[in-house]
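Numbering (my numbering), first residue to last: 136 to 485. Glycine included, each C-beta is placed from N, C-alpha and C at the ideal position. The structure appears right after this line, and notes come after that.
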């Protein structure tokens with residue numbers, strides 16, 4: 136075979152090899168493109184994207200679920216509209232002993248102006264009735280007629296009573312007035328029986344609802360606040376309950392009354408009425424709030440072991456609301472002196 140023919144055969148083999156290499160490269164590129172397209176499809180189907188790295192952080196890009204789609208649920212925390220107390224905060228002329236507890240809170244601005252032992256467990260006495268009133272407003276029927284029973288009257292000796300007899304009939308609205316104005320323990324029992332089906336059922340409701348409000352240091356055993364070792368709360372939890380109560384306009388309307396006359400019917404059909412004076416000395420004129428301070432509502436509480444207690448919503452000269460709480464004062468006079476030492480500060484800033 137001539138060298139010329141050999142050279143032609145070599146050239147043909149080389150051309151075939153080049154064509155094979157080109158076909159192989161084209162096949163590899165095609166497979167790469169197809170594989171990349173499939174991978175991209177799967178990546179996008181899993182909820183991923185190729186957003187620019189300099190975008191603001193968004194939880195919805197991290198969690199492909201309903202919570203992640205709602206940014207407001209991440210940013211709107213439980214305490215976003217609450218005053219958050221982290222420790223004791225002093226004021227120059229407030230001299231509440233360390234054995235007591237107190238708070239002064241700028242409600243709108245969420246500022247803690249004064250705090251002492253905010254999370255210490257204390258006996259609430261009749262401040263308990265704030266929760267009783269909340270549940271009456273929330274779950275009760277104000278027009279419902281309630282009959283007083285012996286269970287409502289058989290309370291401990293010396294308990295504050297409205298003067299009802301077994302068989303007396305009055306409305307739920309009247310009972311709530313007696314509860315908040317005069318701090319009637321018989322009224323508290325009648326409300327609890329009616330709203331909760333039984334006093335124990337109502338107490339269970341009180342504890343459950345306290346938890347929904349974020350009250351972590353509270354446990355109730357009754358609807359009125361008569362003493363029990365297992366019946367306690369904290370000043371901060373009282374603030375949470377008072378804040379909830381103020382969502383019901385009737386609460387502040389009733390707790391601003393200096394007196395209330397309850398008209399009802401005895402079991403024999405005879406009409407009766409009792410005039411009840413408020414337990415809040417600011418309302419009766421026995422104590423005077425600092426100048427330009429308006430008392431908008433609240434609740435007193437007194438037992439031998441709880442001491443003298445008061446939780447108030449007040450308004451300063453600029454119309455700004457404040458919550459003030461004093462627990463465990465030795466006497467009523469001392470209680471109102473200590474409360475005034477707090478209230479004098481609410482006009483310092485507009």
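Quiz prompt | Limits of the alpha helix (DSSP H) - the one that residue 333 falls within | solution = Segment: none, residue 333 is in no alpha helix (DSSP H) and carries neither H nor E.
Practice problem: Jot down the residue ranges of each uninterrupted alpha helix (DSSP H) in the stretch 263 to 347, minimum 4 residues, whole runs only, in chain order. | Solution: 264 to 274, 285 to 288, 307 to 316, 320 to 331, 334 to 347
Quiz prompt | Endpoints, alpha helix (DSSP H) assigned at residue 388 | solution = Note, residue 388: alpha helix (DSSP H), 384 to 390.
Practice problem: Could you have a look at residue 241 and say whether DSSP puts it in helix, strand or coil? | Solution: strand
Quiz item: Per DSSP, what kind of secondary structure is residue 235 in: helix, strand or coil?
Solution: Residue 235: coil per DSSP, three-state reduction.
Quiz item: What residue from 402, 412, 270, 483 has the CA that sits closest to residue 386's CA?
Solution: When 402, 412, 270, 483 are compared, the shortest CA-CA separation from residue 386 is found for 270.
Quiz item: How about residue 470 and residue 461: are their beta carbons less than 8 Å apart?
Solution: yes
Quiz prompt | Own chain, CB closer than 8 Å to residue 164, minus 5 neighbours either side, in chain order | solution = none
Exercise. Starting from the N-terminal side, write out each stretch of the alpha helix (DSSP H) that is 4 residues or longer and does not extend beyond the stretch 345 to 383.
Key: Those alpha helix (DSSP H) runs which fall completely within the stretch 345 to 383 and span 4+ residues are 370 to 380.
Quiz prompt | Opening and closing residue of the alpha helix (DSSP H) in which residue 471 lies | solution = 467 to 478
Practice problem: Count the other CB atoms, across all protein chains shown, that sit within 10 Å of the CB of residue 334; report buried if there are 16 or more and exposed otherwise. | Solution: buried
Quiz prompt | Exposure label - residue 202; buried when at least 16 CB within 10 Å | solution = Confidence at residue 202 is low in this model, with a pLDDT of 36, below 50, so its placement is unreliable and no value can be given for it.
Quiz item: What three-state label does DSSP hand residue 413 in the structure shown?
Solution: coil
Quiz item: So what does DSSP say about residue 481, is it helix, strand or coil?
Solution: coil
Quiz item: If we ignore side chains and look at the alpha-carbon of each, how far apart do residue 306 and residue 315 end up?
Solution: 15 Å
Practice problem: Would you kindly work out how many angstroms separate the C-alpha atoms of residue 367 and residue 327, rounded to a whole number? | Solution: Near 18 Å, if we compare the C-alpha coordinates of residue 327 and residue 367.
Exercise. Would you identify the three-state DSSP class for residue 441, choosing helix, strand or coil?
Key: Residue 441: coil per DSSP, three-state reduction.
Practice problem: Just the C-alpha distance for residue 412 and residue 260, rounded to the nearest angstrom, thanks. | Solution: 18 Å
Quiz item: Going by the beta-carbon positions, is the gap between residue 390 and residue 336 smaller than 8 Å?
Solution: The answer is no: Cβ separation not under 8 Å.
Quiz item: For the beta strand (DSSP E) that residue 250 lies in, which residues bound it at each end?
Solution: 246 to 251
Self-check item: Nearest-angstrom Cα separation, counted from residue 216 out to residue 246
Solution: Those two C-alpha atoms are separated by around 11 Å.
Quiz item: In or out: residue 265 buried (at least 16 other Cβ within 10 Å) or exposed?
Solution: buried
Quiz item: Buried or exposed: which applies to residue 489, given that a residue is buried once 16 or more other Cβ atoms fall within 10 Å of its Cβ?
Solution: Nothing can be reported for residue 489: it is not among the residues displayed for the chain, which extend from 136 to 485.
Quiz prompt | Span separating the alpha-carbon of residue 150 from that of residue 161 | solution = 16 Å
Quiz item: Quick one, are the C-beta atoms of residue 388 and residue 397 less than 8 Å apart?
Solution: no
Self-check item: Own chain partners of residue 383 with C-beta closer than 6 Å, once the 5 adjacent residues on each side are dropped
Solution: 272
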